[in-house]
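Okay, structure first, notes after.
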Amino acid sequence: VQLQASGGGLVQAGGSLRLSCTSSGSIVGIGGMNWYRQAPGKKRELVASISTGGSTSYADSGKGRFTISRDNAKNTVYLQMDNLKPEDTAVYYCNAEIISNNGARHYWGQGTQVTVSS
């Protein structure tokens with residue numbers, strides 16, 4: 099099982115980016131999916147979550163600006179980030195509960211860099 103994240107880049111403050119994370123491999127099902135981020139010198143923090151049924155939750159830092167969504171047919175989770183701020187600069191990681199023939203466990207993507215210039 100692999101999670102492949104993409105969509106990061108350099109953007110000016112106020113701009114937008116859309117991150118994607120696609121799961122592949124011997125997947126029977128996917129549970130909750132999440133986006134985390136880690137800024138230099140800081141701990142990794144949860145940004146947004148989406149359940150199997152589509153219920154969402156957000157850290158206060160992203161409420162009103164970030165939108166998490168999923169396409170179950172494509173095994174993909176998205177993070178739409180609008181009105182980006184310099185403090186959003188971080189490496190963004192996707193995380194998902196993957197159910198395979200070996201059971202269920204959480205997997206991490208490789209991270210995608212988001213840099214917001216002022």
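If you read the sequence shown in the working numbering, its first letter stands for residue 99, the second for the next number, and so on.
Here a beta-carbon is modelled for each residue, glycine too, at the ideal position from N, C-alpha and C.
What residue does the beta strand (DSSP E) around N173 start on, and which one ends it? No beta strand (DSSP E) holds N173; DSSP gives it neither H nor E.
Identify every residue that forms a DSSP beta bridge with R135. For R135, which the question treats as bridged, DSSP gives the partners E143, Y190.
Between the CA atoms of Y156 and C192 - distance to the nearest angstrom: About 14 Å.
Over what stretch of residues does the beta strand (DSSP E) that includes G201 continue unbroken? Where G201 is concerned, the enclosing beta strand (DSSP E) stretches over 201 to 206.
Can you check DSSP and say which residues form a bridge with E195? Secondary-structure assignment with DSSP links E195 through a beta bridge to H204.
Limits of the unbroken beta strand (DSSP E) element including S213: The sequence given here places Thr at residue 213; Ser does not occur at that position. T213 -> beta strand (DSSP E) spans 210 to 215.
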